Each structure stands twice: as structure tokens, then as C-alpha cells.
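Asks: Chains A and B are the protein sequences, given in the same order. At position 770 of the first sequence (counting the first as 1) the number is 770 in full-length UniProt numbering, and the numbers step up by one without a gap. At position 328 of the second sequence (counting the first as 1) the number is 328 in full-length UniProt numbering, and the numbers step up by one without a gap. Note that CB positions come from ideal geometry on N, CA and C, so glycine has one too. Note that the structure is a prediction, hence the values are computed from the model and not measured.
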Amino acid sequence: MSMNNLSYNDQGGPDSAVEVGQETTPTSSTTGAAFGLFSTDFKKNDDLKEMLESNKESMKLEAMKRIVGLIAKGKNASELFPAVVKNVASKNLELKKLVYVYLVRYAEEQQDLALLSISTFQRALKDSNQLIRASALRVLSSVRVPIIVPIMMLAIKEAATDLSPYVRKTAAHAIQKLYSLDPDQKEHLIDVIEKLLRDKSTLVAGSVVMAFEEVCPDRIDLIHKNFRKLCNLLVDVEEWGQVVIINMLTRYARTQFTSPWKGDAIFEGSMAHAFYDSDEERKAHSNSEPYIMDPDHRLLLRSTKPLLQSRNTAVVMSVAQLYWHLAPKHEVSIVTKSLVRLLRSHREVQYIVLQNIATMSIQKKSMFEPYMKSFYVRSTDATHIKILKLEILTNLANEANISTILREFQTYVKSQDKVFAAATVQAIGRCATNITEVTDTCLNGLVLLLSNRDETVVAESVVVIKKLLQTQPTQHSDIIKHMAKLFDNITVPMARASILWLIGEYCEHVPKIAPDVLRKMAKSFTTEEDIVKLQIVNLAAKLYLTNSKQTKLLTQYILNLGKYDQNYDIRDRTRFIRQLIVPNEKSGALAKYARRILLAPKPAPVLESAFKDRDRFQLGTLSHTLNAKAVGYLELSDWQTVAPDQSVRNVEVVEQSKEWVPSSAKESVKSGDKFYSDEEGDEGSPCNSTEDGKSTSSSEASTSETESEEESSSQSGSGSEESEESSSHSHSDSSKKKKLQQKKTKNKGSDSDEEDDCAKVGVSSPTHSSEDSSSSSSDDGTSHSESDSGGHQEKWSKAKPKRWCKKQKMRSRCWIWMTSPLIHGYPQSPVCSLQACCQIWMGSLCPVPLLLYR
Amino acid sequence: MIGGLFIYNHKGEVLISRVYRDDIGRNAVDAFRVNVIHARQQVRSPVTNIARTSFFHVKRANIWLAAVTKQNVNAAMVFEFLYKMCDVMTAYFGKISEENIKNNFVLIYELLDEILDFGYPQNSETGALKTFITQQGIKGQTKEEQSQITSQVTGQIGWRREGIKYRRNELFLDVLESVNLLMSPQGQVLSAHVSGRVVMKSYLSGMPECKFGMNDKIVIDKQGKGGTTDEAGKSELGGSSGKQSIAIDDCTFHQCVRLSKFDSERSISFIPPDGEYELMRYRTTKDIILPFRVIPLVREVGRTKLEVKVVIKSNFKPSLLAQKIEVRIPTPLNTSGVQVICMKGKAKYKASENAIVWKIKRMAGMKESQISAEIELLPTNDKKKWARPPISMNFEVPFAPSGLKVRYLKVFESKLNYSDHDVIKWYFQGSGVAPSSYPPCLDQSIRPMRCD
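1. Near threonine 170/A, which residues of its chain fall below 7 Å by C-beta distance, leaving aside the five closest residues on each side in sequence?
2. Report buried or exposed for glutamate 110/B, applying the criterion of at least 16 other Cβ atoms within 10 angstroms of its Cβ.
3. Below 8 Å on the Cβ atoms is my contact criterion, and I expect serine 17/B with isoleucine 63/B to pass it. Report the Cβ-Cβ distance as a whole number of Å.
4. DSSP three-state label for leucine 93/A, please.
5. Is DSSP giving proline 296/B helix, strand or coil here?
6. The beta strand (DSSP E) that contains glycine 94/B, what's its start and end?
7. Answer yes or no: the CB of aspartate 638/A versus the heavy atoms of the ligand HEM, is any distance below 7 Å?
8. What three-state label does DSSP hand asparagine 129/A in the structure shown?
9. Kindly list, in the order they appear in chain A, the residues whose Cβ is closer than 8 Å to that of glutamate 80/B.
10. One question on the structure: do asparagine 72/B and glycine 206/A come within less than 8 Å of each other, judged by their Cβ atoms?
11. Among Asp184/A, Val315/A, Asp182/A and Arg219/A, whose alpha-carbon lies nearest the alpha-carbon of isoleucine 193/A?
12. What does DSSP give as the partner residues of phenylalanine 617/A in its beta bridges?
13. Quick check: what's the CA-CA separation for arginine 266/B versus glutamate 80/B?
14. Does glutamine 550/A come out as helix, strand or coil in the three-state DSSP assignment?
15. Quick check on histidine 384/A - is its C-beta less than 8 Å from some C-beta in chain B?
16. Going by DSSP, what residues sit across from leucine 182/B in a beta bridge?
17. To the nearest angstrom, report how far apart isoleucine 7/B and leucine 15/B are at their CA atoms.
18. CB histidine 197/A to CB leucine 181/A, shorter than 8 Å?
19. May I ask you to verify whether the region 633–644 of chain A touches the region 83–95 of chain B, counting CB pairs closer than 8 Å and requiring at least 3?
20. Excluding sequence positions up to five away, which residues of its chain have a Cβ less than 7 Å from the Cβ of residue 454/B?
21. Is there contact here, the region 390–397 of chain A with the region 350–366 of chain A, by at least three beta-carbon pairs under 8 Å?
22. Could you confirm whether any beta carbon from chain B is found closer than 8 Å to the beta carbon of lysine 365/A?
23. So with Cβ pairs under 8 Å, would you call valine 298/B a contact of chain A?
24. Look up cysteine 210/B in the DSSP assignment and give the residues it is bridged to.
25. Taking only the alpha-carbon atoms, compute the straight-line gap between valine 517/A and lysine 305/B and give it to the nearest angstrom.
26. Buried or exposed, going by whether 16 or more other CB atoms sit within 10 Å of the CB of proline 601/A?
27. At which residues does the alpha helix (DSSP H) containing asparagine 247/A begin and terminate?
28. How close, in whole Å, do the beta carbons of valine 179/B and leucine 290/B come, if the pair is a contact with beta carbons under 8 Å?
29. If contacts are defined as beta-carbon pairs under 8 Å, then proline 318/B and alanine 364/B qualify, I think. What distance do you get, rounded to the angstrom?
30. Could you check how far apart the C-beta atoms of isoleucine 371/B and valine 340/B are, in whole angstroms? I think they sit under 8 Å.
31. Just curious, the beta strand (DSSP E) that tyrosine 8/B is in, first and last residue?
32. Determine the burial state of phenylalanine 212/A: buried for a count of at least 16 other Cβ atoms within 10 Å of its Cβ, exposed for fewer.
33. Glutamate 13/B: buried (16+ other C-beta within 10 angstroms of its C-beta) or exposed?
34. Out of Leu61/A, Ala114/A and Phe81/A, which one is the CA nearest neighbour of lysine 91/A?
35. In chain B, what lies closer than 8 Å to threonine 621/A by C-beta?
36. Tell me which residues of the region 612–637 of chain A have at least one Cβ-Cβ distance to chain B shorter than 7 Å, keeping chain order.
In C-alpha cells:
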């Protein structure tokens with residue numbers, strides 16, 4: 001028996017699954033009962049070392065397989081590190097791969113030994129097989145040893161220019177790994193990202209955008225020149241990459257284009273106003289001139305549309321969110337069909353999709369109305385799916401379809417699933433408040449439900465009826481009487497509390513019944529639940545004020561019972577009420593206002609969707625699902641008020657001619673950046689830029705692109721090796737001047753815009769001569785707009801919505817309500833001071849102010 | 001992005017744990033077990049947030065797969081990935097079970113290494129993966145073979161490798177449809193739709209380019225306008241339902257289909273993967289032919305007895321025959337005995353499946369048939385009423401409920417120079433109905449339509 005097995009016998013047993021937690025500690029060789037099957041492996045583990053050192057490949061392979069098996073199970077195999085590392089140079093691909101798996105797992109713990117393997121990787125990076133180069137880079141970047149950061153950096157830089165797209169793709173992945181190991185490398189990594197973003201291979205595009213999102217999501221300026229290329233490549237990128245790219249482009253588009261939703265008129269639903277009225281400026285702008293969509297904006301929408309047919313639900317979902325956030329309102333409905341289709345997908349996907357639909361359906365009912373039937377609940381759905389469907393149906397309800405929906409709801413109420421039945425009752429309540437035509441029908445229906453056999457349904461109905469009555473109390477004394485009659489049969493505390501509150505609140509409408517109910521409650525006071533007791537005290541107080549002749553003794557009796565109650569909440573409340581209503585010499589000024597405090601008219605609760613404020617998150621993200629900001633959530637900015645200069649994306653046309661030699665291209669990009677920052681102060685006239693930009697349609701741009709490519713090839717054919725050279729060959733000395741200028745701006749950050757401008761024109765003029773006018777106009781756009789883009793840029797950052805803070809405030813208030821013991825019925829809430837303040841509130845408020853938040 | 005991936009058995013013991021990112025602590029494994037698998041109340045939501053760490057879980061049989069992240073990920077993507085992962089595992093070792101997972105630790109670990117890089121999903125096409133992750137290990141491969149793998153892994157067409165050769169070029173095409181019906185307890189049809197799948201099996205040499213045409217309304221209308229209606233194709237394959245074209249609500253395609261081409265010309269062209277794959281899925285909601293109606297009557301006689309009567313009516317032309325009809329009537333869990341009487345076919349109570357299975361060999365159109373059963377129940381103190389799951393039905397009928405027809409399937413191969421005339425093609429068409437809400441539903445049938 002090995003040491004391992006001994007220790008297993010000593011400690012083994014119940015905590016078998018904890019091993020993973022222990023796996024880092026060397027002593028964690030316990031095998032649990034779960035792996036009893038494999039405990040035989042352990043007997044042989046001593047021979048692993050010998051096997052690894054043997055000469056036979058097959059033996060080594062066998063050993064490595066067993067070792068990886070151990071790792072997968074979460075057991076410790078770190079003592080074999082030296083023996084394993086030796087095999088890293090093996091010629092056998094399979095063996096090599098397993099050694100890599102091992103290295104990635106343990107290198108961090110045994111850094112010194114891991115260094116032994118590095119040279120092998122460096123050699124492998126030069127291998128002729130692209131697969132080997134890629135996997136070497138992959139492992140090298142996964143080995144988390146800080147000392148080798150420079151080596152990694154070098155390897156990534158080299159791989160980024162590799163001939164094989166697969167290796168370049170791996171380089172893109174390595175960027176993120178290096179960044180997480182050493183964030184100080186950010187600047188260098190951004191350079192590599194910039195280089196890779198220009199790559200034309202579909203294989204690379206997805207991965208480099210992932211890296212971009214992780215390392216420098218705020219460097220939107222890197223995307224400009226690649227925007228059109230990404231749009232065009234999108235269909236052919238592999239599916240996971242598509243998801244990431246679409247997501248990034250959504251953010252990009254929001255910062256670059258003006259809103260296609262002219263004014264709020266097209267927007268329907270009550271949410272519309274709350275959502276956008278914060279930025280007055282934009283509205284004014286959009287109203288003043290007719291909206292013309294940026295051709296690039298159109299390109300983005302056009303190139304993502306085919307992806308709605310994708311088999312990958314994540315892709316469909318991200319296209320849907322892109323349309324939701326970017327498309328003109330009348331086009332958004334294109335995605336509806338695809339979303340409805342996703343409802344046939346797996347349960348979990350359904351859950352996500354339904355959540356998103358719920359959010360959308362609040363703002364834009366018409367999108368989903370024709371598909372209402374797809375949201376009918378099926379008996380085989382899981383409860384959380386049913387509740388989401390219910391939510392959507394409620395959102396979709398309007399005057400026209402309400403009767404169909406209510407008929408559907410009738411069936412749902414009979415469901416075996418109690419939670420769902422209760423949610424249905426809530427939904428009926430919401431329909432009743434939203435659509436005035438059916439309020440009475442619903443109310444009658446709910447009253448009928450009061451005689452339902454199922455207790456939870458009855459209780460929920462009572463609660464909902466209470467809310468409905470609050471909206472129109474006068475004419476419903478019948479219902480209150482009916483509920484008072486039912487009172488004895490209802491046992492659910494929340495429902496009882498609701499009835500008591502109703503009777504107390506409207507005691508003037510039911511003058512005869514109210515004192516009688518109080519009498520009954522006085523009898524059963526001691527056996528009631530806490531929330532019911534609180535409402536009994538409330539009822540007593542209210543009756544005492546309105547009808548003290550009949551109820552004076554009863555009230556005193558109840559207050560006495562409350563005074564000695566076990567629950568401090570109730571004792572507190574009793575003491576407070578006594579001081580408030582019973583006049584004595586000690587009672588202060590408040591007593592005078594007792595009536596006004598307790599019987600003040602209360603605002604009716606607003607029944608609204610739980611998804612109402614979800615739209616502050618980008619759809620489809622985890623944050624939206626959780627309804628809370630997840631780490632790394634990037635806010636979608638609001639639309640631009642003034643179209644940022646669109647010709648930044650054109651620059652590619654000029655740039656492309658130099659693309660063959662990356663170094664110079666990089667330089668010119670850099671200089672472009674400088675322009676922004678330098679010229680923030682003086683802003684060109686915005687109308688100028690928009691006019692210029694619009695004149696270039698995307699199709700023109702694409703033709704000019706190809707032309708420039710041709711040109712570039714002819715240039716490179718002319719024999720010049722460096723593009724700096726080539727540009728100076730083909731262009732006149734004005735371009736040289738420009739280069740000088742660029743250097744100047746880089747070094748000193750000088751603001752010589754005039755000179756810059758003419759230099760720019762100088763660059764573009766030679767192109768004029770060789771190309772037709774369409775490309776020249778785009779070049780003009782470049783030079784003009786680049787000078788004023790700086791001003792806009794600043795605006796983007798300021799455009800952060802204020803709405804967020806408002807929402808935050810709202811939430812915190814709800815939070816107080818929720819923590820109040822009254823609502824949740826937790827008698828032992830530790831927050832005493834909070835309780836006190838809540839109670840004053842609650843004394844006059846209804847017992848369940850915010851059921852929706854449960 | 002995904003920070004880690006765990007696989008648990010039903011007891012909550014960890015079978016596989018793979019952590020990709022530092023922000024996921026080793027205790028995340030336990031957090032999920034305690035808060036979800038062992039939670040006192042059943043956790044309903046597939047997304048759970050525990051201490052700012054989010055767990056996305058999927059349950060297959062007794063196995064829990066959980067992806068963990070702290071970042072803001074695309075929620076749909078994580079689930080899509082988990083299901084892909086399930087598919088890949090199924091393709092490698094069959095059913096996902098504790099036993100199978102334990103026997104394939106190494107394989108799964110390798111797979112995880114390949115399909116998730118630093119938490120980002122990668123190419124997870126089983127066909128491509130199988131070429132370089134094998135259970136036996138890559139043995140005796142020649143240099144050429146290795147370079148082939150390389151080109152497939154790294155190339156643009158991830159789903160097909162070069163140099164496939166068959167002596168006989170064959171192509172199988174199955175159209176499988178399922179009718180989904182939602183009925184109210186009163187027997188009213190609330191909604192119905194057909195979801196269909198076109199499944200292909202291709203055994204073709206080289207890099208063929210295929211084109212598939214069906215009687216899609218948009219295409220037919222377009223051609224009609226142009227005056228070049230494909231009359232020949234239609235008369236050749238014309239079925240009994242007499243519909244000229246169907247309106248497809250919505251469809252999705254296998255990765256191999258050129259989406260941009262479909263978008264512009266609505267033609268379905270593709271380079272097929274080798275072997276079996278699902279070319280497309282579609283959905284229609286208009287003009288659905290419901291081949292059968294099922295009318296169930298359930299009466300509870302006291303607490304220990306249940307009487308069930310089910311009538312099925314065939315709803316198509318009397319000259320047509322439906323075959324291999326199988327009706328599955330679920331019974332309560334506490335059933336102790338069943339007596340069945342049926343006028344046609346054979347019926348049996350299958351205790352292991354908790355259902356009465358009624359089989360009829362063939363049935364003509366516009367006929368009806370019924371079965372009645374007395375179910376004896378064991379008294380239980382379980383107050384929960386029986387939820388009455390849907391009745392399901394399988395059958396083969398000689399038409400597609402959606403009306404879909406295959407118009408053509410063309411094959412071009414430029415290098416090896418064979419075309420569709422040299423390919424043996426097999427078409428099948430079938431239909432079925434899948435579970436709906438309160439009551440009954442569905443079926444599956446396969447009927448050879450044409451072989452040439």
C-alpha cells in the first residue's frame with residue numbers, strides 16, 4: 001500500500017468532494033468514496049515515475065494519461081513535475097499535448113522547474129507545422145510564471161505576424177492571458193491588437209476582438225478603420241467570434257452614430273418618456289433636421305441580418321440585441337420571428353430569451369403581439385418559464401386581446417402548480433389596473449376565486465383585490481363585506497392581514513361589520529401570526545378614531561394584549577398607537593393629528609412589471625439576466641447628439657496603400673490619434689462634416705477600397721521595400737512635410753492645425769490624380785472631419801446617462817421597504833432603528849406595499 | 001468570459017473541475033454544490049448568483065454541468081456552449097452518465113482544453129475535433145495525414161476535410177416534421193405549428209457543392225413572376241396535399257450553408273459535411289394539416305380508480321393510409337393495475353414507462369377508433385393531484401403536415417467532375433406531432449418518397 005492509500009484510510013469518508021479545494025496542497029491525496037472505483041490507480045501511482053522515465057513511448061503515454069486523469073479528478077500530481085517536464089521535448093504529438101495539459105496546471109506552483117520547459121517552447125515556436133507553433137504559443141502563454149513575461153511578449157509579437165492565420169488567432173488569445181498575468185504590458189499589447197485588428201482572416205477576427213474587449217474596450221478609435229471590414233467578414237467568422245464581434249459593434253455604433261429613433265413619437269408604451277427625456281439636447285437636434293442614416297450604420301444592420309438564421313442561439317440572441325439597441329424602430333421587428341423560434345430551444349436558453357422578450361415587450365408591444373400564442377403556457381414548462389411567459393402575456397395585454405388573455409389566465413389559475421397559479425392571480429390584477437375596460441370583469445373574477453379550494457390562490461386573490469380596491473374604493477363595499485364573511489375560512493396570514501387592512505381602511509363604508517370583525521379578532525389575537533396582529537392593532541386604532549363608542553373597550557383590550565406580546569415589533573407598535581390615539585396628559589402634539597395620520601388617503605400601489613427597469617442593461621448580457629451589474633459590464637452609451645465624423649472609418653482607403661508594411665501604417669494611425677487630442681480646443685463646424693460624410697456612400701467607399709488596393713499593389717510592385725519610401729516616391733515632397741509634421745505633433749503635441757490640414761490635403765491630392773472623383777470626395781471628408789472630431793470625442797464621454805443615479809435612488813428606497821419586517825413577515829429583524837421609521841410609514845400604509853418585489 | 005467549468009454527479013460530488021481564470025476561487029466548486037445541488041428548495045433558475053459569482057447550470061440525466069464566471073458574459077452563449085459540450089461528449093462516448101465521464105477523464109480534459117481557451121469557446125465541431133482528439137491517441141499517422149488535420153483545424157471549412165473518397169456517391173435526405181398543437185381543455189386548438197428538420201447523410205467524394213430547393217413560397221412566387229416556373233420539378237414530386245408552395249416562417253441552417261446567399265437569393269447552397277448532419281430547421285404556422293385528432297376523456301372514480309377513454313380520428317383523405325400508429329397514454333405514478341379494451345390494434349400497459357401503449361398497424365383516412373382503460377391506483381397520502389401529462393402519438397403518413405416538398409437537390413464537384421446524375425439520392429419525408437399543452441399530440445413518420 002502506498003502512502004496515498006494510507007492517508008485515504010485515515011481521513012477518507014464523507015468529505016469526498018472537498019478534494020478539489022485541497023488539490024493545491026500537497027497532502028491532498030485523499031480519494032473519496034466517489035472515486036472508489038479508481039482507488040486501484042493509486043496503488044500503481046508509484047510506478048508512474050518509472051514509466052515516465054522509460055524508453056518506450058507507449059509507456060510514457062500511458063503514464064501521462066493516468067496523470068491527467070488524476071488532475072481531472074482534482075487530485076494532486078505535483079510531485080511528478082520533474083519527471084513530466086523532461087518529456088516536453090518528446091516528438092510524439094499526443095504525449096506532448098498531455099504534457100502541456102500538465103504544465104498549464106502546475107507551472108505556477110513550481111516556477112523554477114517550469115523554466116526548464118521554456119526553451120522547448122521557444123524551439124517549438126519556430127516549428128514548420130503551424131499546429132505545433134500554435135499549441136506551443138498557447139501553452140507558453142498559459143504558463144503563469146511572471147519571469148517569462150518578456151519571452152511571452154516577444155513570442156506574441158512574432159506570432160502576430162505569422163503566415164498562418166491559426167497561429168495569429170492563437171496570438172490573439174495569448175494577449176488576454178498575458179494581460180491578466182501582467183497588466184503593465186497593456187501598451188505593448190494594444191499595439192499588437194491594433195496590428196491584428198487589421199488582419200483580413202476570418203479566423204483571427206473573432207479572437208482579436210475578444211482580446212480588444214478584454215484589454216482595451218475603451219479604445220474605440222482602434223475600430224474605426226476596421227469597422228467596414230469587420231461588418232463584411234462577419235458572416236464568415238466562426239460562431240463564437242460572431243457573438244463577441246456583434247457585441248462590440250453594438251457598443252461602437254452607439255458612440256458613432258446618431259439615433260435613428262427620431263423623437264419619441266415612434267416610440268410606444270409609457271416607458272418611452274422615462275427612457276429618453278433626460279437628454280433634451282438630442283431631441284431638439286433630431287427634430288430640427290430630418291434623419292438620414294449613416295451608411296455605415298446601415299451596413300452594420302445589413303451585414304448582421306443574415307445571422308438571424310444562424311443555428312447558434314447565442315448568435316441569434318446577439319443580433320436581436322443589436323437590432324434592439326441600434327435599428328430604427330420600425331425595423332426592430334425583424335428579429336421577432338427568430339426570437340420566437342428560440343423558444344423551441346433548450347429550457348435554459350428559453351429562460352434567457354424569455355427574459356429578454358419580457359424587457360422588450362414592455363417598450364414595444366407591437367413587436368410580439370402577432371406571436372402572442374407562442375407565449376401560451378404549456379403544462380410541461382418549468383415553473384420559472386411559465387412565470388416569464390405569464391409576464392410577457394401581461395405585458396402584451398391591450399384592449400383588443402384582453403379577453404383572449406383572460407380566458408387563458410382562467411385556465412392557468414386551475415394549474416396544479418401553486419406558485420404559477422398565484423402568479424397568474426397577480427397577472428390578472430395587473431391587467432385589471434392597466435386596462436380600465438376590464439377592471440370590473442377582473443374584479444368579479446377574482447371575487448369568484450375567493451371561493452377557490454386552493455388556499456394560495458385565495459390568499460393571492462385577496463391581496464390583489466386589496467390593491468384593486470385601493471384604486472377605486474367607494475363603490476365596493478359589497479366586496480369588502482364578502483371578504484369579511486370569508487375571513488374565518490382563510491388561514492394564510494398575508495391574506496388575513498390584507499382583509500383586516502381593507503376593513504380598517506374603509507371602515508366608514510362598512511360601519512356595521514367592522515366592529516364585529518374586531519370583536520372576533522380580539523378573541524383570537526393571541527393565536528394569530530405577527531403580521532395579522534399588527535393589522536389587528538391597526539384596525540383597532542382606526543376604528544377607535546372613527547367609532548370610539550362601540551370599540552373603545554375592545555381597542556383597549558387589544559392594546560393590552562399587544563403590550564405583553566412576545567414580539568417586540570408588536571409591543572413597539574402597540575405603544576406607539578396607544579400614545580397616538582388615546583389622549584392623556586403625556587401625549588404630545590401628535591395625538592391631535594392621529595386621525596390625519598392613520599386615515600390619510602393613501603396612494604394606490606402601482607402594479608407594474610418586474611422587468612420595467614431592466615432596459616438599463618444591454619440585452620442578452622449576464623447583467624440583464626441578474627438585474628445587477630456584473631463585473632466588466634460596459635455601459636452602452638447614449639446616442640450621439642451630433643454625428644461624430646464618419647469619415648474616420650474611411651481612412652482605410654488611404655491607409656490601405658501602405659498596409660503591406662505595418663510599421664508605417666501604425667505610425668500614421670498614431671498620428672491620427674494625436675489629432676484628436678490636440679485639437680480638442682477648436683472645433684470645426686459640425687454641419688460641414690456631416691455633409692461631407694454623407695456624400696460618401698458605403699458602396700462608393702467599397703469600390704474605392706478595391707481601387708486603392710490595386711493601386712497599392714502597383715505601388716509595391718514598383719519595387720520600393722518600405723512604404724515610407726514608397727509613399728514618398730509616389731507622393732510629392734508635401735507628404736514628407738506631413739511626416740515631419742506628424743513627428744512634431746507626436747513629440748511636442750503642438751497645435752499646428754493649419755499646417756496639418758494642408759499637409760493632409762497634400763497627401764490626398766496625388767490619389768486624386770490616379771483615381772476617380774468618388775474616392776477623392778471621401779478623402780476630402782477625411783481631412784475635414786478629422787480636424788473636428790476631437791471636439792465630438794469629448795462629448796461622447798460626457799453623454800453618460802443621468803438616469804442611472806435616479807434608478808439607484810429608487811432602488812435603495814425599495815430596499816428599506818423590503819427589509820421592513822412588515823413585508824416579509826420576519827419577526828426577528830435585527831434592524832431596530834429602521835423598523836421604527838418603517839413602522840410610522842407602515843402604520844398608515846398598506847401591509848404589502850410592494851408585492852412584486854418579493 | 002467563462003472562468004471555470006465543473007461537472008458534478010447527482011450527489012454533488014465533483015467529477016471534473018477545470019478553472020480557467022484566477023478570479024474563480026477553488027471554493028466556487030463547493031459554493032455551487034451547497035447552494036444549488038443541495039439546496040433545500042429546488043433551484044429553478046438556471047442562472048444562480050452566489051457572492052458575485054454566477055453559475056450557469058445545465059442538467060443532463062443525473063449529471064450537472066456548471067459554468068462559472070465573474071464577468072459580464074453573454075448569457076445565451078454560455079448555455080449554447082454547455083449544450084455544445086454535451087453534444088461533443090455524446091459524440092465521443094455516448095450517453096452522458098457518471099460512469100462514462102469517469103471512464104473518460106483524460107478525454108474530457110483534453111476536450112475542455114481544446115474547446116475552451118482561457119474561457120473563450122472555440123471551434124466545437126465534432127467532426128473536426130475527432131480528427132485530432134481521439135481516444136486511442138493519434139497512432140501511426142503519416143505526415144500527410146497530420147498535415148490534413150492541420151488544414152482542417154486551421155482552414156476556413158472546419159466541417160469537411162479534403163480528399164474524401166467514396167466508390168459510390170450517395171446522398172440521403174430526410175424531412176422530419178413534428179406538429180405542435182396547443183389545445184384548451186375544451187378541445188379548442190389554440191395554436192399549432194409545424195417544426196421540421198431536414199436531415200442529410202452524405203457520402204460524397206471530394207469537395208462537392210450542393211444546392212437544395214424546396215417549395216418555399218417566396219422562391220416560387222419570384223420564379224412565377226419571371227415566367228420560369230419549375231413545372232417539371234413540381235409535377236415530379238407533387239404530393240397528395242395539392243399545395244403549391246408553403247410559407248416558411250423562419251428557418252435556421254447548419255454552419256455550412258452560405259447565409260449571405262440565402263439572404264440575397266434565398267437559395268440554399270453548401271459544401272456538405274461528411275456523414276450525418278442536420279441541414280436546416282424550419283417552422284411554419286399557416287395551413288397546417290392536422291392528420292389526427294385525439295380526444296381524451298378522464299374520469300376519476302373515487303380515490304383509487306381512474307377511467308380513461310381516448311378517441312382518435314384520422315383527418316385526411318379516405319384513400320390515404322396512415323401506418324404504424326402508436327399512441328402513448330401516460331398513467332399516474334401510483335398505478336397498480338390496468339385493464340384495457342380497444343376495438344382496433346393492440347394495447348398494453350407498460351409499468352416501466354408509466355404509460356399505456358396502443359399500437360395500430362394501419363388506419364385509413366376519415367375513420368375513428370377508440371380505447372378505454374380502467375386504471376387502479378394505490379391509495380397515497382400525497383395530496384398533489386396528478387398533473388396529466390400530454391398524450392403523445394407517433395405515426396407515418398404519406399404527406400407532410402406543413403406541405404413541404406423537395407424540389408431538387410443538385411450536386412456539383414469541379415475537381416472530380418461528377419454531378420448530380422452520378423449521385424444516388426434518397427429522399428424521405430415524414431411527419432410527427434410533439435407534445436403540446438393540456439392534451440394530446442404527436443408523432444413521427446418516415447415514408448420513402450422517391451429514390452432514383
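Replies: If we stick to the structure as given:
1. Ala134, Leu137, Arg138 and Ala159.
2. buried
3. Not confirmed; about 14 Å, so no contact.
4. helix
5. Strand, per DSSP.
6. Element bounds for glycine 94/B: n/a, residue is neither H nor E.
7. No copy of the ligand HEM appears in this structure; indeed no ligand is present at all.
8. coil
9. Asn312, Thr313, Ala314 and Val349
10. no
11. Arg219/A
12. According to DSSP, phenylalanine 617/A bridges with nothing at all.
13. 27 Å
14. helix
15. yes
16. Ser191/B
17. So the two alpha carbons sit approximately 5 Å from each other.
18. Looking at the sequence provided, one finds leucine at residue 197/A rather than histidine. No, the Cβ-Cβ distance between leucine 197/A and leucine 181/A is not below 8 Å.
19. Contact annotation: the region 633–644 of chain A does not touch the region 83–95 of chain B, with fewer than three C-beta pairs closer than 8 Å.
20. The shown model of chain B, from 1 to 452, leaves out residue 454/B, and the question about it has no answer.
21. Touching, yes.
22. no
23. no
24. Phe270/B and Val411/B
25. 44 Å
26. Exposed, by the Cβ-count rule.
27. Per DSSP, asparagine 247/A is one residue of the alpha helix (DSSP H) stretching across 239–256.
28. Going by Cβ atoms, the distance from valine 179/B to leucine 290/B rounds to 6 Å, so yes, they are a contact pair.
29. So it is a contact: roughly 6 Å between Cβ atoms.
30. 6 Å
31. 4–8
32. Phenylalanine 212/A is buried by the Cβ-count criterion.
33. buried
34. Taking only the C-alpha atoms, the option nearest lysine 91/A is Leu61/A.
35. Asn72, Val73, Asn74 and Ala75
36. Gly620, Thr621, Leu622, Ser623, Thr625, Leu626, Ala630, Val631, Gly632 and Tyr633
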